[in-house]
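Peer 1: This is the structure I want to talk about, given as structure tokens.
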Amino acid sequence: MNTDKIQNKFSLSYFNLMTSLLAVLNSNEDDDTNLVLARYLLEHFHELKNLSIYDVAEECYVSRSSIQRFAKLIGYESFTAMKQNAPITRQHMDAFVQYACHPEFDQFLRISMDDMMQDINEMFLAQNLDVLVKRIHDSEQVVILAADLSSYPAKVLQQGLAAIGKLIRIVTDAYPDTALLQNLKPEDLVIVTSTTGNYAIATLSDLQSVHTCKVLITLNHSEKFESCYDSVIYLSHKFHSSDRITEGIQNVYTRYGVSYFFDLLFNLYIEKVNTLPSSHPHSILIK
Numbered sequence: 001m002n003t004d005k006i007q008n009k010f011s012l013s014y015f016n017l018m019t020s021l022l023a024v025l026n027s028n029e030d031d032d033t034n035l036v037l038a039r040y041l042l043e044h045f046h047e048l049k050n051l052s053i054y055d056v057a058e059e060c061y062v063s064r065s066s067i068q069r070f071a072k073l074i075g076y077e078s079f080t081a082m083k084q085n086a087p088i089t090r091q092h093m094d095a096f097v098q099y100a101c102h103p104e105f106d107q108f109l110r111i112s113m114d115d116m117m118q119d120i121n122e123m124f125l126a127q128n129l130d131v132l133v134k135r136i137h138d139s140e141q142v143v144i145l146a147a148d149l150s151s152y153p154a155k156v157l158q159q160g161l162a163a164i165g166k167l168i169r170i171v172t173d174a175y176p177d178t179a180l181l182q183n184l185k186p187e188d189l190v191i192v193t194s195t196t197g198n199y200a201i202a203t204l205s206d207l208q209s210v211h212t213c214k215v216l217i218t219l220n221h222s223e224k225f226e227s228c229y230d231s232v233i234y235l236s237h238k239f240h241s242s243d244r245i246t247e248g249i250q251n252v253y254t255r256y257g258v259s260y261f262f263d264l265l266f267n268l269y270i271e272k273v274n275t276l277p278s279s280h281p282h283s284i285l286i287k
């Protein structure tokens with residue numbers, strides 16, 4: 001599918017339509033109009049491009065204005081604009097199924113994981129991550145940006161750092177906080193995780209006006225990122241570069257790569273820069 005016409009339709013606020021719909025599904029009461037609309041659109045996602053606003057209004061017993069308000073609520077200018085995101089989101093959905101439809105999947109997964117961990121270990125040692133962990137430690141405000149679907153590793157790191165007294169914040173496309181980013185100072189830190197580079201490309205224009213230290217963690221070796229980021233950390237040397245949002249990709253790197261990388265990073269943080277007082281309950285575990 002040619003995605004050239006919708007390359008500029010992505011941003012920090014609207015990146016993955018399914019993620020936005022699932023966020024509504026997970027956070028509203030059963031009788032809430034927004035949940036009714038989200039559930040209907042999810043159940044009919046594969047035919048969304050052929051649905052009119054009249055169809056949805058009739059099936060959900062809501063007004064067309066309610067549907068337009070819902071589209072704006074999840075970051076789109078209109079119902080039509082929301083529908084334009086559906087085809088590329090569908091490709092990402094298909095990739096989830098294709099990833100799991102592999103013969104002898106358990107063996108395939110084990111071998112792929114072993115190769116990935118060795119690859120990330122080598123890249124981790126080859127790049128000067130001491131600088132990043134010191135910046136995390138020294139920065140008053142640390143914000144991790146991630147696509148909501150891929151934000152779990154960031155949340156695990158957030159909990160680990162909180163356990164030893166370092167608080168960081170997370171911003172995703174499901175819960176965008178552009179005001180937080182605009183208020184950051186030069187001495188603060190933004191870390192963007194974007195395994196394929198799609199989310200990094202989608203948020204480039206948002207981050208151009210954020211005047212703080214910016215670090216990207218990715219597989220994508222595109223030179224396009226160099227003008228926006230102070231540092232780009234690569235998870236692998238094997239992957240090609242792309243300057244545009246690509247079709248859905250699912251593999252062990254997109255599933256587990258950032259989680260594994262953040263485990264290594266947290267370990268390095270503890271070893272290099274953590275300074276817990278002796279009174280802290282975790283100090284005996286670290287020293």
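Per UniProt numbering, residue 1 is the first one in the sequence shown, and the count goes up by one each step.
All residues carry an ideal CB built from backbone N, CA and C; glycine is no exception.
In the DSSP assignment, find the unbroken alpha helix (DSSP H) run with Thr178 in it and report its ends.
Peer 2: For the purposes of this step, residue 178 is taken as the residue at position 178 of the sequence shown. That run of the alpha helix (DSSP H) goes Thr178 to Gln182.
Peer 1: Classify Ser194 as helix, strand or coil using the three-state DSSP reduction.
Peer 2: Position 194 of the sequence shown, counted from the start, is the residue given in the question as residue 194. In this structure, Ser194 counts as strand in the three-state DSSP scheme.
Peer 1: Please report the Cβ distance between Thr218 and Leu235, rounded to the nearest whole angstrom; I am assuming they are in contact, meaning their Cβ atoms lie under 8 angstroms.
Peer 2: Translated into positions along the sequence shown, residue 218 becomes position 218. Translated into positions along the sequence shown, residue 235 becomes position 235. Sure, about 7 angstroms apart at Cβ, within 8 angstroms.
Peer 1: In the DSSP assignment, find the beta strand (DSSP E) that holds Leu51 and state where it starts and stops.
Peer 2: Counting from 1 along the sequence shown, the entry for residue 51 is found at position 51. Careful: Leu51 lies outside any beta strand (DSSP E) and carries neither H nor E.
Peer 1: Could you say if the segment 136-152 and the segment 160-179 meet the contact criterion of at least three C-beta pairs nearer than 8 angstroms?
Peer 2: As far as the Cβ criterion goes, the segment 136-152 touches the segment 160-179, which means the pair count is three or higher.
Peer 1: Would Cys101 be called buried (16 or more neighbouring beta carbons within 10 Å of its own) or exposed?
Peer 2: Counting from 1 along the sequence shown, the entry for residue 101 is found at position 101. Label assigned to Cys101: exposed.
Peer 1: With 16 other CB atoms within 10 Å as the buried threshold, where does Gln159 fall?
Peer 2: Counting from 1 along the sequence shown, the entry for residue 159 is found at position 159. Looking at its Cβ environment, which holds fewer than 16 other Cβ atoms inside 10 Å, Gln159 is exposed.
Peer 1: Going by the CB atoms, is the gap between Tyr269 and Val133 shorter than 7 angstroms?
Peer 2: What you label residue 133 is simply residue 133 of the sequence shown in a count that begins at 1. What you label residue 269 is simply residue 269 of the sequence shown in a count that begins at 1. The answer is yes: Cβ separation under 7 angstroms.
Peer 1: Once the 5 residues before and after Thr33 are set aside, which same chain residues still bring their CB inside 7 angstroms of it?
Peer 2: Against the sequence shown, residue 33 aligns to sequence position 33. Val62 and Ser66.
Peer 1: Since Arg169 is in the beta strand (DSSP E), which residue starts that stretch and which ends it?
Peer 2: Reading the sequence shown from its first residue, position 169 is the one you call residue 169. Taken as a continuous stretch (DSSP letters only), the beta strand (DSSP E) holding Arg169 covers Arg169 to Thr172.
Peer 1: Can you find the residues in the same chain that come closer than 7 angstroms, C-beta to C-beta, to Leu48, ignoring five residues on each side of it along the sequence?
Peer 2: Numbered from its first residue, the sequence shown carries residue 48 at position 48. So the qualifying residues of the chain are Leu41, Lys83 and Ala86.
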